[in-house]
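Have a look at the structure below, then the notes.
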Amino acid sequence: MPSSTSTLTYESRSQTHPTAAGRKLLQIISQKRTNLCLSIDHTDPDKILTLVQKLGPKICLLKTHIDIISFSSTTTSTTIKSFTTKLQALAQEHTFMIFEDRKFADIGSTVQHQYRGGVYEIASWADITNAHSIPGPGIIRGLKEVADGIGEPRGLLLLAEMSSKGNLGGGEYQERTLAMARNKEWRGFVMGFIAMKEVGGGSGNDGEGGEEEDFIVMTPGVGLQVGGDGLGQQYRTPEEVVGRDGCDVVIVGRGIVGADDPVAVAEVYRERSWEAYEGRVKN
Ligand code: 6AU
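First residue of the sequence shown: 5, per my numbering; consecutive thereafter.
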């Protein structure tokens, strides 16, 4: 019987994770005692930088949607490059990684341009990005070729299931996404999944050699109470997501960004998500 990754500590996984980005993230999680990813879904670049400066100590990962930011509306000479350079400096200062939530979904050749080039040059500043598995393995191969040319650890998450009501993921789609992720060709690149519960994991599940397989599961749709947003988003609590369903990193956007006191609320999310993890690995 394969053992479950969700019973292992972040610290032990940080020694053995097959991707460099995954090892770095698991080390940060373990050292800072935070499995909280902040989804900074703001459109004003200056507000983002101010908020990230305050929230940096609470998080292991900052998730961006670079294409929702209104760079043209700023009065400063902020360019995209100087903005992403500032984010990288904040990541260095507060020890967190950056995840651009680009959700690539095209053929390998097209995503290479989208990842490397355009106005955002995502591969140059984002440690982690994500992709849909719908186009087939060529999307992973294309992204990996770009990542390999960067010279810094780069990790990819595949979307196995979404948090939104009626999404087509999960079930057989998730199984096929997992099978795609297991290909040895990208063992050092595909670090995990966006999913709603633990995916894969354990010894004897790697397809070859018998080493432990370890996919980091990051989960959006997390709130302090169960609920929704009227546009299909569905919220579950940190206890359900981390404690019961074995996910590793909680992704929280509006629950923190829209709060009157984002720092105090982020601490509640951090504490509850961390305690849910501690309870899980003790059992
Ligand atoms: O906490 P929220 O609802 O304000 O924000 C959730 C964030 C948003 C979504 O684009 C993203 O998480 N997201 C994702 C990701 C991270 O890939 C997948 C998904 O299934 N649901 C989801 O909400 O920035």
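For glycine and all other residues, C-beta sits at the position ideal for the given N, C-alpha and C.
Cutting at 7 Å between CB atoms, please list the residues of its own chain near residue i, excluding the five before and the five after it.
{"i": "residue 142", "result": "111, 112"}
{"i": "residue 281", "result": "39, 246"}
{"i": "residue 240", "result": "225, 226, 230"}
{"i": "residue 69", "result": "45, 105"}
{"i": "residue 139", "result": "109, 110, 111"}
{"i": "residue 271", "result": "62"}
{"i": "residue 167", "result": "200, 224, 225, 237, 238"}
{"i": "residue 283", "result": "247"}
Determine the DSSP secondary structure at residue i, reduced to helix, strand or coil.
{"i": "residue 288", "result": "The displayed coordinates of the chain run from 5 to 287. Any statement about residue 288 would go beyond what the structure contains."}
{"i": "residue 108", "result": "strand"}
{"i": "residue 63", "result": "coil"}
{"i": "residue 184", "result": "helix"}
{"i": "residue 217", "result": "strand"}
{"i": "residue 227", "result": "coil"}
{"i": "residue 236", "result": "coil"}
{"i": "residue 138", "result": "coil"}
{"i": "residue 260", "result": "helix"}
{"i": "residue 335", "result": "The structure shown does not extend to residue 335, since the chain spans only 5 to 287, so no value can be given for it."}
{"i": "residue 73", "result": "coil"}
{"i": "residue 189", "result": "helix"}
{"i": "residue 241", "result": "coil"}
{"i": "residue 202", "result": "coil"}
{"i": "residue 179", "result": "helix"}
{"i": "residue 172", "result": "coil"}
{"i": "residue 10", "result": "helix"}
Could you spell out the range, first to last residue, of the alpha helix (DSSP H) harbouring residue i?
{"i": "residue 146", "result": "142-152"}
{"i": "residue 98", "result": "84-98"}
{"i": "residue 45", "result": "It is not in any alpha helix (DSSP H) - residue 45 carries neither H nor E in the DSSP assignment."}
{"i": "residue 123", "result": "First-last for residue 123: undefined, no H or E at that position."}
{"i": "residue 17", "result": "14-20"}
{"i": "residue 267", "result": "266-286"}
In whole angstroms, what is the alpha-carbon distance linking residue i and residue j?
{"i": "residue 231", "j": "residue 88", "result": "33 Å"}
{"i": "residue 163", "j": "residue 116", "result": "18 Å"}
{"i": "residue 43", "j": "residue 189", "result": "30 Å"}
{"i": "residue 174", "j": "residue 98", "result": "35 Å"}
{"i": "residue 86", "j": "residue 242", "result": "35 Å"}
{"i": "residue 127", "j": "residue 255", "result": "21 Å"}
{"i": "residue 17", "j": "residue 195", "result": "12 Å"}
{"i": "residue 31", "j": "residue 9", "result": "16 Å"}
{"i": "residue 65", "j": "residue 119", "result": "19 Å"}
{"i": "residue 265", "j": "residue 258", "result": "12 Å"}
{"i": "residue 184", "j": "residue 137", "result": "8 Å"}
{"i": "residue 153", "j": "residue 147", "result": "10 Å"}
{"i": "residue 192", "j": "residue 150", "result": "14 Å"}
{"i": "residue 132", "j": "residue 158", "result": "6 Å"}
{"i": "residue 204", "j": "residue 76", "result": "43 Å"}
{"i": "residue 235", "j": "residue 199", "result": "19 Å"}
{"i": "residue 251", "j": "residue 57", "result": "27 Å"}
{"i": "residue 123", "j": "residue 135", "result": "19 Å"}
{"i": "residue 100", "j": "residue 37", "result": "12 Å"}
{"i": "residue 212", "j": "residue 287", "result": "Because the pLDDT of residue 212 is 49, which lies under 50, any placement of that residue in the model is unreliable, and the question is left without a value."}
{"i": "residue 24", "j": "residue 233", "result": "36 Å"}
Starting from residue i and walking both ways along the beta strand (DSSP E), at which residues does that stretch end?
{"i": "residue 33", "result": "Residue 33 -> not in any beta strand (DSSP E); alpha helix (DSSP H) instead, spanning 24-36."}
{"i": "residue 255", "result": "253-256"}
Going by DSSP, which residues form a beta bridge with residue i?
{"i": "residue 160", "result": "133, 194"}
{"i": "residue 103", "result": "67, 132"}
{"i": "residue 116", "result": "For residue 116, which the question treats as bridged, DSSP gives no partner whatsoever."}
I'd like the list of long-range same chain contacts for residue i, defined as Cβ closer than 8 Å, with 5 residues on each side in sequence excluded.
{"i": "residue 53", "result": "87, 90, 91, 94"}
{"i": "residue 55", "result": "44, 46, 261, 266"}
{"i": "residue 160", "result": "132, 133, 134, 135, 144, 147, 148, 151, 190, 193, 194, 195"}
{"i": "residue 202", "result": "8, 9, 10, 221, 249, 250, 251"}
Sorted by chain position, which residues of the same chain lie with C-beta nearer than 6 Å to residue i's C-beta, five sequence neighbours on each side aside?
{"i": "residue 72", "result": "47"}
{"i": "residue 144", "result": "190"}
{"i": "residue 130", "result": "102, 104"}
Could you tell me whether any non-hydrogen atom of the ligand SAH is closer than 7 Å to the CB of residue i?
{"i": "residue 163", "result": "The model depicted lacks the ligand SAH and carries the ligand 6AU instead."}
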